[in-house]
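Scroll down for the structure; my scribbles are underneath it.
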Amino acid sequence: MILAIESSCDDSSVAIMKASDFSLVHYEKISQEKEHAKYGGVVPELAARLHTAALPAVILRAKEHFKALKAIAVTNEPGLSVSLLPGIVAAKALAAALNLPLISVNHLVGHIYSLFLSEQIKLPLGVLLVSGGHTMILDISETGVISVLGATSDDSFGESFDKSAKMLGLGYPGGPQIQNLALKGDDRAYDFSLPLKGTKRLEYSFSGLKNQVRLACLELENSRIPSDNSKIPSENSRIPSQQKANIAASFERVACLHIIDRLKLAFSSQKWARFGVVGGASANLRLRGMLESLCASYDCELLFAPLEYCSDNAAMIARAAVSKYHNKDFCENLEMHPRSSLENLKII
Ligand code: KG4
Ligand code: ZN
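Quick look at the structure:
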C-alpha cells in the first residue's frame, strides 16, 4: 500500500491505495473552504496554519494501515509554497519514522490520474484541465508523454468564476455559486463578447470576460446611486437578484463557450479517440453538457473523473504514486517546486 498526502492549496487530504489493484483502502479530506470563504478567496497564511493543524490528525487516522505501507507519496509541485510545505514535511517525517521511500507527485499529473481511479489507463488521450489555478489543453501520447497544446494567458477558468462570484457578492468558491444562480437567470441577457473570437490562437483568456462582468456590476450599481450621490457600498446588495442571476448565467455561457471554441481548434488538428476532462471546475454541468456534444460530433469517447475526485484530493495523488511505485521511481531528495508546470512530464 502507498500512503499519499495532498496539501497544495486549501485541502488537507490523505489516501491509501493498494499497489496491486489500485483499490482505495482509506481516504479523508478536510476542506478549508469555510475558513477562506469570508475573505472571498484562499489566504495563504491561513491555509498554512490550517494544514499544519489538520495534517497530523488526518495522517494518524490512517494508522491501522502503517504496517502495510511500502512508500509515502506527496504533492511537491505546483501549488502555494506555504501549503505544499506542511504536506512535504509530514511526508518526510513519516517516511523517516517508518523507514520507507518517498514518491513525489506533480499535482497536475495527479489531476490527470483522477481519470484512472475507476478506469484502466488508455492512451493516447486528449485532456482538458480546468481548475482554480490552471486551464490547459493537453495531448498525452501513446507512451504517456504530456504535451501542453494551449493554456491560459491570464486567469484560469475556475478563477474567473471565483472572481465573478466575488463581484456579485456571492460566496467562495465561486464555481458552484455561479452555477446555481445561473439556473435562475437569462443567459442571453448580457451580450458578453467571446474571448479571442475569430483568432487561431490555441490559448485561453478570461480576464476580459471578468472585466465585462465588473463593468456590468458597476453600471447596475451606478444606476441605483441615491440622488445625493452618496458612496456606493462595495458589496453588491444594490444589484437586484434577478440581474445578478442574469449576469451569472450570461458569464457562465460565454466562459464555457470560450472553452469549447478553443477546443474545436485543437480537435481539428488532433485526431483524439478519447478525451478526458479533469480539475475542480470540470464539475460544471453546463461545461459537461457542451463537452458531451463536442465529443459526440468528433466521434470521441469522453471521460470524466468521478465527481468526488474532480477537486483536489489525495486519491488521485495516490493513483499517480502507485504508477511511479511500479516503475521504482522514488525520490531521494524531495524538493518543493511551487511554480512548475507539466512540460516534459510523463504519466505511467
Ligand atoms: O482543482 P481544484 O479543486 O483546485 C485547484 O487545483 O485549483 O479547483 C477549484 C476550482 C475553483 O476555482 C472553483 O470555483 C472551481 O474549481 N469550481 C467550479 C465548479 N466547481 C468548482 N467552477 C465552475 N463550475 C463549478 N460547478
Ligand atoms: Zn487542483
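Each residue of the sequence shown is one higher than the one before, counting from 296 in this note's numbering. Ideal Cβ placement from N, Cα and C applies to all residues, glycine included. Quantities reported herein were computed from a predicted structural model and do not represent experimental measurements.
Between residue i and residue j, how many whole angstroms is the CB-CB distance? I'm expecting something under 8 Å.
i, j, result
"Gly480", "Ala540", "3 Å"
"Asp482", "Ser536", "Asp482 to Ser536, Cβ: 16 Å. No contact."
"Ser303", "Met312", "Their Cβ separation, rounded to whole angstroms, is 18 Å, which puts Ser303 and Met312 out of contact at 8 Å."
"Arg614", "Phe411", "6 Å"
Measure the Cβ-Cβ separation of residue i and residue j and say whether it is below 8 Å.
i, j, result
"Ile473", "Ala460", "yes"
"Asp305", "His331", "yes"
"Gly571", "Val422", "yes"
"Gly445", "Met431", "yes"
"Tyr604", "Ser436", "no"
"Phe487", "Asp450", "no"
"Val369", "Ala299", "yes"
"Leu379", "Pro633", "yes"
"Asn371", "Leu629", "yes"
"Ala477", "Glu547", "yes"
"Leu424", "Leu418", "no"
"Pro589", "Val443", "It is Leu, not Pro, that sits at residue 589 in the sequence shown. No; because the gap between Cβ atoms is not below 8 Å, this pair is not in contact."
"Leu350", "Pro381", "yes"
"His406", "Val617", "no"
Would you report the Cα separation of residue i and residue j, rounded to the nearest angstrom?
i, j, result
"Val400", "Leu515", "46 Å"
"Met644", "Leu403", "No answer is possible for residue 644: the residues shown for the chain start at 296 and end at 643."
"Ala357", "Leu345", "19 Å"
"Ala343", "Ser448", "28 Å"
"Lys495", "Arg569", "23 Å"
"Gly427", "Ser315", "33 Å"
"Lys619", "Val549", "39 Å"
"Asn524", "Gly464", "Unreliable placement is indicated for Asn524, whose pLDDT of 48 sits below 50; no coordinate value is reported for it."
"Cys626", "Ile398", "5 Å"
"Tyr485", "Leu341", "37 Å"
"Lys458", "Glu359", "42 Å"
"Val377", "Asp594", "44 Å"
"Met631", "Gly503", "33 Å"
"Val338", "Gln327", "10 Å"
"Ile429", "Ser455", "The sequence given here places His at residue 429; Ile does not occur at that position. His429 and Ser455: Cα-Cα distance of roughly 11 Å."
"Asn622", "Gly335", "42 Å"
"Ser522", "Tyr467", "Residue confidence for Ser522 is low, a pLDDT of 49 falling below 50, so the modelled location carries little weight and cannot support an answer."
"Ser592", "Ser564", "15 Å"
"Ile542", "Ala348", "39 Å"
"Met462", "Glu498", "25 Å"
"Gly439", "Glu414", "16 Å"
"Asp624", "Val320", "22 Å"
"Ser635", "Leu375", "11 Å"
"Phe361", "Gly469", "38 Å"
"Leu558", "Lys505", "20 Å"
For residue i, I'd like the list of residues in its chain whose CB is within less than 8 Å of its CB, leaving aside the five on either flank, ordered along the chain.
i, result
"Arg533", "Leu515, Glu516, Arg519 and Ile527"
For residue i, I'd like the list of residues in its chain whose CB is within less than 7 Å of its CB, leaving aside the five on either flank, ordered along the chain.
i, result
"Leu489", "Val549, Leu552, His553 and Asp556"
"Leu640", "Asn401, Val404 and Ile441"
"Ile416", "Ile643"
"Ser529", "Any reading at Ser529 must be qualified, since the residue scores a pLDDT of 49, below 50, and its modelled position is unreliable; no value is offered."
Given residue i, which residues of its chain have a CB within under 6 Å of its CB, disregarding the five upstream and five downstream residues?
i, result
"Ser308", "Glu301, Lys324, Asn608 and Ala609"
"Trp567", "Gly421 and Cys595"
"Val384", "none"
"Leu598", "Leu410 and Gly571"
"Ile367", "Leu298, Ala386, Leu389, Ala390, Leu395 and Leu397"
"Tyr322", "Ala310 and Ala610"
"Phe562", "Tyr593"
"Gln538", "Leu515"
Along the chain, which unbroken stretches of the alpha helix (DSSP H) at least 4 residues long are found entirely within the segment 364-435? With a minimum length of 4 residues, the continuous alpha helix (DSSP H) runs that stay inside the segment 364-435 are 376-393 and 402-408.
Which complete beta strand (DSSP E) runs does the segment 434-486 hold, if anything under 3 residues is left out? 441-446
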